[in-house]
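Asker: In UniProt numbering, the protein residues as written are 1 to 319.
Cβ coordinates follow ideal geometry from the N, Cα and C atoms, glycine included.
Handing you this structure, nothing more for now.
Structure follows, in structure tokens:
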């Protein structure tokens with residue numbers, strides 16, 4: 001029987017390994033496809049069968065950050081030789097870079113500004129949601145609150161409505177108070193992640209033994225000192241997990257960013273699809289924008305990886 005059990009364990013382990021690789025392939029294939037398309041020449045982006053081996057180019061990234069216009073005629077050899085290397089790539093695509101008629105400076109597209117807006121809004125809203133959510137969760141976890149379950153349900157219910165239901169009322173309200181197309185307007189909207197932050201952090205704080213705080217209070221700490229010096233360090237793993245969740249949610253915000261912004265505070269998610277246009281889309285440029293859009297989330301998650309891994313065993317703490 002022991003031999004049979006051992007064989008079953010071996011088979012189970014192999015099946016688990018295969019399942020992991022299959023899951024990884026399913027998850028990573030779209031990312032590989034986006035990355036490869038972002039470095040392909042435009043004429044190879046939609047070939048059937050797909051071109052796997054090709055000479056990489058950064059032309060899509062040049063096109064992503066610069067405004068372009070179609071060439072009426074190919075440039076002369078002198079014009080081509082005099083152009084900088086990155087502009088030659090745009091010439092190769094049958095397009096030219098738009099320059100200021102007076103200064104001759106390159107005219108940039110709006111992607112850089114939209115990307116910066118996404119960073120500002122996501123970082124600020126994440127900081128607000130995590131900090132306020134941690135304090136609120138601590139209050140629910142450590143103090144007796146009348147109607148606690150009802151309050152917690154009410155907090156969570158703020159995220160139950162689909163965005164389209166509240167889009168028009170919020171748009172009209174924002175227009176009245178002057179928050180349309182502003183960073184503050186989107187920060188307020190994405191800070192509604194506070195509801196998820198409260199629920200996630202309450203679970204982590206509940207796992208921290210009260211005896212830690214009681215010992216700190218006996219040593220002469222105030223309640224807030226005990227919170228910052230005892231509870232907060234223990235809750236860092238939960239705060240890291242909450243920060244990643246809130247950052248991803250704010251970073252991917254599309255519906256309200258599309259409705260509430262137009263130019264000044266528009267973020268990257270609405271801008272990337274706008275590049276499809278009415279004609280034949282340049283999928284290499286769209287892939288380049290999407291690839292760059294993935295990088296901040298990957299970096300943010302990588303920097304917090306140690307806290308996230310420790311958070312997986314956080315529930316092992318016992319009184």
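For residue 180, count neighbouring C-beta atoms within 10 Å of its own C-beta (all shown protein chains included) and say buried if the count is 16 or more, exposed if not.
Answerer: Buried.
Asker: Decide yes or no for the touch test of the stretch 214–223 against the stretch 243–255: beta carbon pairs closer than 8 Å, at least 3 of them.
Answerer: The answer is no - the stretch 243–255 does not touch the stretch 214–223, with fewer than three Cβ pairs under 8 Å.
Asker: With distances taken between CB atoms, is the gap from residue 157 to residue 250 smaller than 7 Å?
Answerer: In this structure, residue 250 does not lie closer than 7 Å to residue 157 by Cβ.
Asker: If you draw a straight line from the alpha carbon of residue 267 to that of residue 210, how long is it in whole angstroms?
Answerer: Whole-angstrom Cα-Cα distance: 43 Å.
Asker: Kindly indicate the opening and closing residues of the alpha helix (DSSP H) around residue 163.
Answerer: Per DSSP, residue 163 belongs to the alpha helix (DSSP H) from 163–177.
Asker: CA-CA distance, residue 149 and residue 8?
Answerer: Distance between the alpha carbons of residue 149 and residue 8 is about 46 Å.
Asker: Tell me which residue opens and which closes the alpha helix (DSSP H) that residue 114 is part of.
Answerer: That run of the alpha helix (DSSP H) goes 111–142.
Asker: Please confirm whether residue 201 and residue 133 have their CB atoms less than 7 Å apart.
Answerer: Contact: yes.
Asker: Apart from the five residues on each side of it in sequence, which residues of its chain come closer than 6 Å, Cβ to Cβ, to residue 193?
Answerer: Excluding positions up to five away in sequence, the list reads 129, 246 and 249.
Asker: Which residues does DSSP list as the beta-bridge partners of residue 108?
Answerer: DSSP output for residue 108 lists 66 as bridge partner(s).
Asker: Are any of the Cβ atoms in chain E nearer than 7 Å to that of residue 196?
Answerer: Absent from the structure: chain E. Only one protein chain is present.
Asker: Does the contact criterion of 3 or more C-beta pairs under 8 Å hold for the stretch 283–290 versus the stretch 47–63?
Answerer: Result yes; three or more Cβ-Cβ pairs closer than 8 Å.
Asker: Taking all protein chains shown into account, do 16 or more other C-beta atoms lie within 10 angstroms of the C-beta of residue 187, making it buried, or fewer, making it exposed?
Answerer: Residue 187 comes out buried.
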